[in-house]
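Trainee:
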């Protein structure tokens, strides 16, 4: 990291931590702060007890007086006195800081920056190899410390290096990396309260990362993607091992074969994920494109420039490949992304994110461009949906229940990616062999995906000839057909359909079947039960094809092709972050451009409005 950038980066982190500490001092956060303080206190006392038993420390502890939202030390101070420790606190004089013994809180008076300090009568502590409980702005698990900028503790540890250095902090003060300088001293122990990352911390870090990404050029972003792709392959053993844990647990919990297929990773699928990142790196970057620059009569030059959305949130189910796809697309477009995957894929997602962040680190880019919420509690998901202060848009991917929950409960703007109750209509003029091949592909190539065919509509005039051929073809693939009464009159082996079948996304070897008397009836049936995803017609009649294209209300409408092509890669977008089934902002496979918005840029020459 260039030394010239370090002070600026440190100031950004200090500003971020000050804001989060201020949040902890609000009345609604007091309970959470007290819980974390108690956890820190217990861990510090346990560490001291162990070191004391091993005779590695004397009975003197150098402590600080907590101030301004720091991890509380006053109750720790009381506990230390109760356990017969000697306690010393710092007093500042100019640029020097020394520790003085205090016997009770009454020995403290307001001092430097109004922070409590030992009174003048207190005896100076002279204890070699004491434990020094150390405050700071931020730390890493490896012990890197970033202070408040005054350098007091760094100078103290330079003069007295023999002490045991113990940092105490909250989870939001832990960073994977920090901008450190030669004079910054490392800690021997880092103790933190809390069991996970606060969502607001994740949000703040995502905002910071998004701001940084907004300044990157295409060369830097592409290098980040290439490094991330290589890191995925480097982590293959870890990722596949974690994935097998998820698959075994899912199987034991009775997950359907279609969903297990979505969940499972193989070396080939992991390679495809890495290749997807490389493909995104090769795509043009839409960020910075100026759609038009138009002069106005008053001399103003007005243009529309494509810019990142900012921070994108993703809530999705058992699809580990979504983790890398979402990262790649968001990173290429200068967006930070916060991921909330399903509990079924939690171990896979942890490893994938770990290795993707490793790739970013190798490229010298902010790892917090990609963050994963690892708490699987539903209350956390609900909180995530309401993180308007930090998240600019939320994209759900999964089943109908998940998407409905996000749409109904989120206060963050949502791009709805609907379920895929996809239909194929076999017209009276259809080529039978073409129809059978398309149906087999759309239903059975991958049953657990949203662009698989779930429902078949057939013109009644061809049913006597076509349905036996269809039954034979689907029997080879063990597909259960749930048909209406008329179709079962032709092929009795078909199961009886219920009204619920017409609107069901099976994600299984099941297909519903309805006979109709006309193209108009087929269109009305499909528009009633479809989810706005992908619909297809098999026909040799041009006029029928055009009517179907015009009247079907869906993101993707096909003539004589499988619905399985509704995919960002197949459409030439690279990977996709989802398939939008709504009509605002984005519709269909969402590639790079769908993850941007526009702003107007105006050039003037001193114009004022009359």
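In this note's numbering, the protein residues as written are -14 to 595. Beta carbons are placed, not taken as given, at the ideal position from N, Cα and C, and that holds for glycine.
Quick check on this structure: which residue in 483, 494, 446 and 474 has the alpha carbon closest to the alpha carbon of residue 462?
Mentor: 494
Trainee: Rounding to the nearest angstrom, what Cα-Cα distance links residue 450 and residue 552 in this structure?
Mentor: 33 Å
Trainee: Can you give me the C-alpha to C-alpha distance between residue 84 and residue 7, rounded to a whole angstrom?
Mentor: 28 Å
Trainee: Taking the runs of the beta strand (DSSP E) that are 3 residues or longer, which of them lie wholly in the region 286 to 373?
Mentor: 286 to 293, 296 to 301, 321 to 325 and 355 to 357
Trainee: Drop a sphere of 10 angstroms on the beta-carbon of residue 403, count the other beta-carbons inside from all chains shown, and report buried for 16 or more, exposed for fewer.
Mentor: buried
Trainee: In this structure, does DSSP put residue 432 in helix, strand or coil?
Mentor: coil
Trainee: Return the CA-CA distance between residue 529 and residue 504, expressed in angstroms with no decimal places.
Mentor: 7 Å
Trainee: Pair every Cβ in the region 538 to 546 with every Cβ in the region 511 to 524, then say whether three or more of these pairs are closer than 8 Å.
Mentor: yes
Trainee: In its own chain, which residues sit with a C-beta less than 7 Å from the C-beta of residue 171, not counting the 5 before and 5 after it?
Mentor: 128, 129 and 130
Trainee: Go through its chain and collect everything with a Cβ distance to residue 26's Cβ below 7 Å, but skip five positions before and after it.
Mentor: 60, 61 and 64
Trainee: Buried or exposed: which applies to residue 370, given that a residue is buried once 16 or more other Cβ atoms fall within 10 Å of its Cβ?
Mentor: buried
Trainee: Near residue 581, what residues of its chain come up, given a Cβ to Cβ distance below 7 Å and the 5 sequence neighbours on each side ignored?
Mentor: 271, 272, 291, 292, 293, 294 and 318
Trainee: Using 8 Å as the threshold, is the C-beta distance between residue 314 and residue 79 below it?
Mentor: no
Trainee: Out of 267, 391 and 285, which has the shortest C-alpha to C-alpha gap to residue 592?
Mentor: Ranking the options by Cα distance to residue 592, first place goes to 285.
Trainee: For the region 46 to 101, which segments carrying the beta strand (DSSP E) assignment without a break, of at least 3 residues, lie completely within its bounds, in sequence order?
Mentor: 71 to 78, 81 to 87 and 93 to 95
Trainee: Between residue 471 and residue 479, is the Cβ-Cβ spacing less than 8 Å?
Mentor: In this structure, residue 479 does not lie closer than 8 Å to residue 471 by Cβ.
Trainee: How long is the line joining the alpha carbons of residue 223 and residue 53, rounded to whole angstroms?
Mentor: A straight line joining the alpha-carbon of residue 223 with that of residue 53 spans about 42 Å.
Trainee: How close, in whole Å, do the beta carbons of residue 440 and residue 487 come, if the pair is a contact with beta carbons under 8 Å?
Mentor: 7 Å
Trainee: Report buried or exposed for residue 509, applying the criterion of at least 16 other Cβ atoms within 10 angstroms of its Cβ.
Mentor: exposed
Trainee: For residue 491, does the count of other Cβ atoms within 10 angstroms reach 16, so buried, or fall short, so exposed?
Mentor: buried
Trainee: In this structure, does DSSP put residue 204 in helix, strand or coil?
Mentor: helix
Trainee: Going along the chain, which residues of its own chain have a beta-carbon closer than 6 Å to the beta-carbon of residue 398, five neighbours each way excluded?
Mentor: 378
Trainee: Are three or more beta carbon pairs between the region 211 to 230 and the region 406 to 417 nearer than 8 Å?
Mentor: No: fewer than three Cβ pairs fall under 8 Å.
Trainee: Does DSSP put residue 573 in a helix, a strand or coil?
Mentor: strand
Trainee: Could you give the residue range of the alpha helix (DSSP H) that holds residue 400?
Mentor: It is not in any alpha helix (DSSP H) - residue 400 carries neither H nor E in the DSSP assignment.
Trainee: By the three-class DSSP mapping on this structure, what secondary structure does residue 540 have?
Mentor: coil
Trainee: For residue 393, tell me which candidate among 376, 367 and 405 has the shortest Cα-Cα distance.
Mentor: 367
Trainee: Would you say the region 194 to 202 touches the region 149 to 162, given that touching needs at least three Cβ pairs under 8 Å?
Mentor: no
Trainee: Work out the CA separation of residue 213 and residue 44 for me, nearest whole Å.
Mentor: 49 Å
Trainee: Count the CB pairs spanning the region 32 to 48 and the region 66 to 73 that are closer than 8 Å, and state whether there are at least three.
Mentor: yes
Trainee: Quick one: is residue 310 buried, meaning 16 or more other Cβ sit within 10 Å of its Cβ, or exposed?
Mentor: buried
Trainee: For residue 168, which residues in the same chain have their Cβ closer than 8 Å to its Cβ, ignoring the five residues on either side in sequence?
Mentor: 136, 139 and 143, listed in sequence order.
Trainee: Measuring straight from C-alpha to C-alpha, what distance separates residue 29 and residue 516?
Mentor: 56 Å
Trainee: Please work out which residues of its chain come closer than 7 Å, Cβ to Cβ, to residue 185, disregarding the five sequence neighbours upstream and downstream, and give them in chain order.
Mentor: 5 and 8
Trainee: Rounded to whole angstroms, how far is the Cβ of residue 208 from the Cβ of residue 110, which I believe are closer than 8 Å?
Mentor: Wrong, their Cβ atoms sit about 51 Å apart, outside the cutoff.
Trainee: Looking at residue 328 and residue 250, is the spacing between their C-beta atoms short of 8 Å?
Mentor: Not a contact, by the Cβ cut-off of 8 Å.
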